[in-house]
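As given, the protein sequences belong to chains A and B, one line each in that order. Residues in the first sequence are numbered from 1 upward in steps of one, following the working numbering. Residues in the second sequence are numbered from 1 upward in steps of one, following the working numbering. Each residue gets a CB set at the ideal place from its N, CA and C atoms; glycine is no exception.
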Amino acid sequence: MKEKETENKKGISNWIDKRLPVFTFINHNLRDYPTPKNLNYFWNFGSLAGVTLVIMIVTGILLAMQYTANTEIAFDSVERIMRDVNNGWLLRYIHMNGASMFFIIVYIHMFRGLYYGSYKYPREILWMLGVVILFLMMATAFMGYVLPWGQMSFWVQQ
Amino acid sequence: MSEKDLKDNELSDSVDEEKRDFLFITTAGLAVAGGAVTAFSLIDTMNPAKDVLALSTTEVDLAPIEEGQSLTVMWRGKPIFIRHRTSEEIRTANNTSVNELKHMASDESRVKNPKWLVVVGVCTHLGCVPLGQKVGDNKGEFGGWFCPCHGSHYDTSGRIRKGPAPLNLEVPPYDFVSDDIIKIG
Numbered sequence: 001m002k003e004k005e006t007e008n009k010k011g012i013s014n015w016i017d018k019r020l021p022v023f024t025f026i027n028h029n030l031r032d033y034p035t036p037k038n039l040n041y042f043w044n045f046g047s048l049a050g051v052t053l054v055i056m057i058v059t060g061i062l063l064a065m066q067y068t069a070n071t072e073i074a075f076d077s078v079e080r081i082m083r084d085v086n087n088g089w090l091l092r093y094i095h096m097n098g099a100s101m102f103f104i105i106v107y108i109h110m111f112r113g114l115y116y117g118s119y120k121y122p123r124e125i126l127w128m129l130g131v132v133i134l135f136l137m138m139a140t141a142f143m144g145y146v147l148p149w150g151q152m153s154f155w156v157q158q
Numbered sequence: 001m002s003e004k005d006l007k008d009n010e011l012s013d014s015v016d017e018e019k020r021d022f023l024f025i026t027t028a029g030l031a032v033a034g035g036a037v038t039a040f041s042l043i044d045t046m047n048p049a050k051d052v053l054a055l056s057t058t059e060v061d062l063a064p065i066e067e068g069q070s071l072t073v074m075w076r077g078k079p080i081f082i083r084h085r086t087s088e089e090i091r092t093a094n095n096t097s098v099n100e101l102k103h104m105a106s107d108e109s110r111v112k113n114p115k116w117l118v119v120v121g122v123c124t125h126l127g128c129v130p131l132g133q134k135v136g137d138n139k140g141e142f143g144g145w146f147c148p149c150h151g152s153h154y155d156t157s158g159r160i161r162k163g164p165a166p167l168n169l170e171v172p173p174y175d176f177v178s179d180d181i182i183k184i185g
């Protein structure tokens, strides 16, 4: 009888949610988000890292629309982004400083994990995946640093 | 816990609905405003950049273009189609009844001098460059231009006659500096 009632809830979103509970998942993780009440502000850095990731992806895609991947003209295309493209300077500075901020946020996030023992049972795999993500981030950041192909980019990869 | 704390806890059960509404509306309002500003400046980066706009005018000498010939010039990084129309082409463009067009526009509204048609050579469907400028190109069923991407036919006035494109070929701003020279932009 209980089952019948949920089935009778009208609407496309309910129909989908019953079969594939995406909306419940979003609600649980972004809106209700039940947490212990003794969390302090250090626990903000996980979602801050997520927000930063979204910012980096959005600004990165927009920069890629103006960037030229060619050793001869890459630097010129970056100069063009800074001087000629509308708000291009803003886009690049957000992306550049966003990368540094991302690492600062992630290091604080890691410190929180170490200090409060967030890597302990039953969260060992979570911690290991985090280490993998850290290395992926470093590799990605290196690629981004090299892209303008200026003096610093060139000599950092030697 | 002291007695005072306990009392505070009891009080906090009652919610000040008006205050909640005010907080919710101001927060949501600020979020929408911030989102709009961010979205605008991010989308603005895809508009023509300053170095493109700096090339904002192009002068074209029309004298070498014989009747029936076409010329393609670049303006702000876009191809501009200039056609020296034959009297036959002008006649068919004028004789077309405006009411049966998909995007209604008379031929007079699209030219400054009926002999010269100047349009942006970018298909209004998905932005391909239509054929019809070179000798031997497929000019489509209406003798103007034909877009090979999805089969849009334009007539001798650059108007969409058949196919998926929604609008006529755009007429750029231009002026006749003298009888034989136009300045686009």
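8 Å Cβ cutoff, residue i in contact with chain A
{"i": "alanine 33/B", "result": "no"}
{"i": "methionine 1/B", "result": "In this prediction, methionine 1/B scores a pLDDT of 48, lower than 50, which makes its location untrustworthy; no coordinate-derived value is stated."}
{"i": "aspartate 175/B", "result": "no"}
Any chain E beta carbon closer than 8 Å to residue i
{"i": "aspartate 51/B", "result": "The question asks about chain E, but that chain is absent: this structure's protein chains are A and B."}
Short Cβ contact (8 Å threshold) for residue i with residue j
{"i": "serine 97/B", "j": "phenylalanine 81/B", "result": "no"}
{"i": "threonine 38/B", "j": "valine 85/A", "result": "no"}
{"i": "leucine 189/B", "j": "leucine 62/A", "result": "The question about residue 189/B has no answer, for chain B in this structure spans 1 to 185."}
{"i": "tryptophan 75/B", "j": "threonine 58/B", "result": "yes"}
{"i": "methionine 127/B", "j": "phenylalanine 146/B", "result": "Just to set this straight, residue 127/B is glycine in the shown sequence, not methionine. It is not a contact, given that the beta carbons lie outside the stated cut-off."}
{"i": "glycine 144/B", "j": "glycine 158/B", "result": "yes"}
{"i": "threonine 52/A", "j": "phenylalanine 102/A", "result": "yes"}
{"i": "valine 120/B", "j": "proline 172/B", "result": "yes"}
{"i": "tyrosine 67/A", "j": "valine 78/A", "result": "yes"}
{"i": "valine 118/B", "j": "isoleucine 182/B", "result": "yes"}
{"i": "serine 13/A", "j": "phenylalanine 23/A", "result": "yes"}
{"i": "glycine 140/B", "j": "histidine 125/B", "result": "no"}
{"i": "valine 60/B", "j": "valine 73/B", "result": "yes"}
{"i": "alanine 141/A", "j": "alanine 99/A", "result": "yes"}
{"i": "glycine 185/B", "j": "serine 56/B", "result": "yes"}
Option in the options with minimal Cα separation from residue i
{"i": "histidine 84/B", "options": "Leu62/B, Ile43/B, Cys147/B, Ala33/B", "result": "Leu62/B"}
{"i": "proline 148/A", "options": "Tyr115/A, His95/A, Ile104/A", "result": "His95/A"}
{"i": "lysine 115/B", "options": "Pro164/B, Met104/B, Asp179/B", "result": "Asp179/B"}
{"i": "methionine 104/B", "options": "Ile182/B, Val15/B, Ile160/B", "result": "Ile160/B"}
{"i": "valine 135/B", "options": "Leu101/B, Glu66/B, Asn168/B", "result": "Glu66/B"}
{"i": "phenylalanine 77/B", "options": "Lys183/B, Ala54/B, Pro130/B, Gly151/B", "result": "The sequence as given places glycine at residue 77/B; phenylalanine does not occur at that position. Nearest of Lys183/B, Ala54/B, Pro130/B, Gly151/B to glycine 77/B, Cα basis: Ala54/B."}
{"i": "glutamate 170/B", "options": "Asp107/B, Asp137/B, Ile181/B, Glu18/B", "result": "Asp107/B"}
{"i": "leucine 101/B", "options": "Ile90/B, Asp155/B, Glu18/B", "result": "Asp155/B"}
{"i": "alanine 74/A", "options": "Tyr41/A, Gln151/A, Thr140/A", "result": "Gln151/A"}
{"i": "methionine 143/A", "options": "Val131/A, Gln157/A, Tyr116/A, Asp32/A", "result": "Gln157/A"}
{"i": "tryptophan 43/A", "options": "Phe135/A, Val54/A, Leu114/A, Met137/A", "result": "Leu114/A"}
{"i": "phenylalanine 111/A", "options": "Trp15/A, Phe45/A, Lys37/A", "result": "Phe45/A"}
{"i": "methionine 65/A", "options": "Thr71/A, Glu72/A, Arg80/A, Val54/A", "result": "Arg80/A"}
{"i": "phenylalanine 176/B", "options": "Cys123/B, Asn113/B, Pro148/B", "result": "Asn113/B"}
{"i": "proline 48/B", "options": "Asn38/A, Gly88/A, Thr71/A, Leu20/A", "result": "Gly88/A"}
Contact with chain B by residue i, beta-carbon distance below 8 Å
{"i": "arginine 80/A", "result": "yes"}
{"i": "leucine 53/A", "result": "no"}
{"i": "valine 131/A", "result": "no"}
{"i": "methionine 65/A", "result": "yes"}
{"i": "leucine 147/A", "result": "no"}
{"i": "valine 106/A", "result": "no"}
{"i": "leucine 30/A", "result": "no"}
{"i": "leucine 62/A", "result": "yes"}
{"i": "leucine 91/A", "result": "yes"}
{"i": "valine 58/A", "result": "yes"}
Interface partners of residue i on chain B, CB under 9 Å
{"i": "asparagine 86/A", "result": "Ser41, Asp44, Thr45, Met46, Asn47, Pro48, Ala49, Lys50"}
query: Can we say the region 99 to 114 of chain A touches the region 58 to 65 of chain A, given the rule of at least three CB pairs closer than 8 Å?
result: No, the region 99 to 114 of chain A does not touch the region 58 to 65 of chain A.
query: Counting Cβ pairs, one atom from each stretch, are 3 or more of them under 8 Å apart for the region 77 to 84 of chain A and the region 108 to 126 of chain A?
result: Judged by pairs of C-beta atoms under 8 Å, the region 77 to 84 of chain A does not touch the region 108 to 126 of chain A, as fewer than three such pairs exist.
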